[in-house]
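Quick note, the sequences are listed as chains A and B, same order. First residue of the first sequence? That's 3 in our numbering, and the numbers climb one at a time after it. First residue of the second sequence? That's 2 in our numbering, and the numbers climb one at a time after it. Using N, Cα and C, we set each Cβ at its ideal position, and we do this for glycine too. Everything numeric in this text was worked out from a predicted model, so none of it was measured. Single-structure report; data block below.
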Amino acid sequence: TSLKEKHKILHQLLQNSTSPVDLA
Amino acid sequence: VHHSAMSPEEFISRIMEAEPPEIYLMEDMNKPFTESSMMMSLTNLADKELVLMISWAKKIPGFVELSLADQIHLLKCCWLEILMLGLMWRSVDHPGKLIFSPDFKLNREEGQCVEGIMEIFDMLLAATSRFRELKLQREEYVCLKAMILLNSYLCTNSPETAEELESRNKLLRLLDSVIDALVWAISKLGLTTQQQTLRLGHLTMLLSHIRHVSNKGMDHLSTMKRKNVVLVYDLLLEMLDANTT
């Protein structure tokens with residue numbers, strides 16, 4: 003399993019420019 | 002301005018600005034707690050804090066310049082240590098209490114309802130007392146938190162590709178900036194040179210205790226999940242699985 007697949011949410015939050023506060 | 006060109010004062014100012022906002026659990030407390038209700042409250046709060054932690058890390062100067070793989074590895078290695086240091090900071094002026102959030106404060110004895118958690122509470126309270134004795138300053142606290150993040154994965158991997166080596170070198174330079182910032186923060190306290198050296202040693206030695214409590218906490222949470230005492234989901238599940246597989 004790739005790092006990206008194993009850590010989907012973490013990967014998304016690190017790459018996402020949207021504030022994680024909004025996602026929370 | 003790149004972090005390597007920043008003065009320690011500027012660097013600290015940037016990591017102070019990166020500090021996450023105060024977070025509330027926002028749950029109706031049904032006391033007395035059951036083993037399950039306390040574990041659910043603790044994990045719900047941790048899950049909320051984790052999302053803010055990613056945002057915090059991204060605001061540390063230089064962090065997003067590291068490879069994405071390094072960013073992921075660093076966060077998955079240190080997340081519970083970061084949560085625990087934050088807990089200690091919130092609790093430092095409240096002897097005998099653990100201030101998980103402004104609306105979720107626990108006494109040591111309240112840990113009795115969760116099997117195996119009293120031992121962890123006692124370790125957290127002991128480390129908090131040590132920070133109290135040292136009169137930990139906010140500037141020092143933010144530097145220690147950044148040090149935990151950047152140091153967490155250093156002795157676990159060895160870079161192989163050119164990209165990995167480049168990211169590793171960036172990480173080492175970033176750690177230099179954080180150490181410089183901590184040294185600067187200590188130098189502002191009006192201590193003799195020898196006292197400053199001792200303080201740096203005492204503060205950084207506390208990080209090994211935090212790693213130890215975090216490992217204990219990780220084992221405890223995995224056990225609670227395995228026994229179905231608590232339902233772990235979302236980001237917390239991803240981070241926990243990362244540490245147990």
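query, result
"Cross-strand partners of B:N108 (DSSP beta bridge)", "B:K98"
"Beta-carbon spacing of B:M150, B:L222 below 9 Å", "A quick correction: the sequence has Leu, not Met, at residue 150 of chain B. Not in contact: B:L150 and B:L222 (Cβ atoms no closer than 9 Å)."
"Chain-ordered residues of the segment 214 to 241 of chain B with a beta carbon less than 8 Å from chain A", "D235, L236, E239, M240"
"Close beta carbons around B:L125, own chain, < 7 Å, minus the five adjacent residues each side", "M85, L88, M89, L99, V214"
"Cα-Cα separation, B:K171 to B:G63", "8 Å"
"B:Y142 to B:D104 span [Cα, whole Å]", "22 Å"
"Beta-carbon gap between B:N158 and B:E165 smaller than 9 Å", "yes"
"Interface positions of the segment 63 to 84 of chain B facing chain A (Cβ-Cβ less than 9 Å), listed along the chain", "V65, L69, A70, Q72, I73, H74, L76, K77"
"Alpha carbon of B:K217 to alpha carbon of B:I121, nearest angstrom", "7 Å"
"Rounded Cβ spacing between B:V231 and B:T44 (contact assumed at less than 8 Å)", "6 Å"
"Interface flag, B:I55 vs chain A, CB-CB below 9 Å", "yes"
"Extent of the continuous alpha helix (DSSP H) to which B:N272 belongs", "No answer is possible for residue 272 of chain B: the residues shown for chain B start at 2 and end at 246."
"Within-9 Å CB hit, A:L12 to chain B", "yes"
"Candidates B:L69, B:S178, B:Y25, B:L137, of which the one nearest B:D48 by Cα", "B:Y25"
"Where B:D235 falls: helix, strand or coil (DSSP)", "helix"
"Whole-Å CB distance - B:S188 paired with B:Q197, under 8 Å assumed", "6 Å"
"Proximity test, Cβ basis, 9 Å: B:V115 and chain A", "no"
"Alpha helix (DSSP H) runs contained entirely in the segment 130 to 176 of chain B, provided each spans 4 or more residues", "139 to 152"
"CB contact check: B:A243 to chain A, cutoff 9 Å", "yes"
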